[in-house]
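**Q** Okay, so the sequence shown: first residue is 0 according to the numbering used here, each after it adds one.
Below is one structure. I have some questions about it.
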Amino acid sequence: MENKTREVRKTFTFHIDEANKPYTPVKWELPKKTAFVKGLQLTSDFPNKLYYRGSQRIEIGGDELFPEGFDSKILISSISVAPRERFFDLGEVQPGDLSVKVRYEDKDHERAVLGNGYQVSVVLLLEEEI
Numbered sequence: 000m001e002n003k004t005r006e007v008r009k010t011f012t013f014h015i016d017e018a019n020k021p022y023t024p025v026k027w028e029l030p031k032k033t034a035f036v037k038g039l040q041l042t043s044d045f046p047n048k049l050y051y052r053g054s055q056r057i058e059i060g061g062d063e064l065f066p067e068g069f070d071s072k073i074l075i076s077s078i079s080v081a082p083r084e085r086f087f088d089l090g091e092v093q094p095g096d097l098s099v100k101v102r103y104e105d106k107d108h109e110r111a112v113l114g115n116g117y118q119v120s121v122v123l124l125l126e127e128e129i
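Following this line, the structure appears as structure tokens:
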């Protein structure tokens with residue numbers, strides 16, 4: 000039997016440069032051939048800042064998957080985890096209107112000074128029609 004889908008990864012990135020401020024990146028959209036979203040991972044160029052300072056609300060296709068204030072530390076993994084296993088399993092989230100909405104909140108933390116800021120990446124594991 001011929002496989003009619005393939006697994007792909009889609010990355011969305013934004014920069015945090017001000018402390019204690021909410022960030023809402025705009026115009027993030029899933030590819031048109033997305034059948035469903037299987038997993039999600041958060042990464043950063045400074046993982047300790049993301050771990051200690053971040054929380055967010057995430058909505059995919061009009062469905063709220065993670066509520067306001069959901070800790071980033073729950074959605075990140077260490078490099079000692081196999082690459083395929085680093086994704087938070089979402090099951091099979093329907094793409095809906097193809098939108099991806101994130102409201103990220105940065106908050107001061109004594110163990111992670113903002114300094115020159117940090118970059119946050121939202122990586123989605125997608126099943127795409129071919």
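Virtual Cβ for every residue (Gly too), placed ideally from N, Cα, C.
Hey, could you find the ends of the beta strand (DSSP E) Pro66 is sitting in?
**A** Where Pro66 is concerned, the enclosing beta strand (DSSP E) stretches over Asp62 to Asp70.
**Q** Exposed or buried, Asp105, counting other C-beta atoms within 10 Å across all chains shown (16 or more means buried)?
**A** Buried is the call here.
**Q** Comparing alpha-carbon positions, which option in Arg56, Arg85, Leu64 and Asn19 lies nearest Asn95?
**A** Going by the sequence as given, residue 95 is Gly instead of Asn. Closest by alpha carbon: Leu64.
**Q** Could you pull out every unbroken alpha helix (DSSP H) segment of at least 4 residues lying fully inside the segment 38-125, listed in chain order?
**A** As far as the segment 38-125 is concerned, its whole alpha helix (DSSP H) runs of at least 4 residues are 46-52.
**Q** Going by DSSP, what residue range makes up the beta strand (DSSP E) through Ile15?
**A** Ile15 -> beta strand (DSSP E) spans Thr4 to Ile15.
**Q** Measure the Cβ-Cβ separation of Ile75 and Tyr50 and say whether it is below 8 Å.
**A** Going by C-beta atoms, Ile75 is nearer than 8 Å to Tyr50.
**Q** Do you know whose CA, among Val80, Gln55, Ala18 and Glu28, lies nearest His108's CA?
**A** Here the closest residue by C-alpha is Ala18.
**Q** Exposed or buried, Gly114, counting other C-beta atoms within 10 Å across all chains shown (16 or more means buried)?
**A** With fewer than 16 other Cβ atoms within 10 Å, it is exposed.
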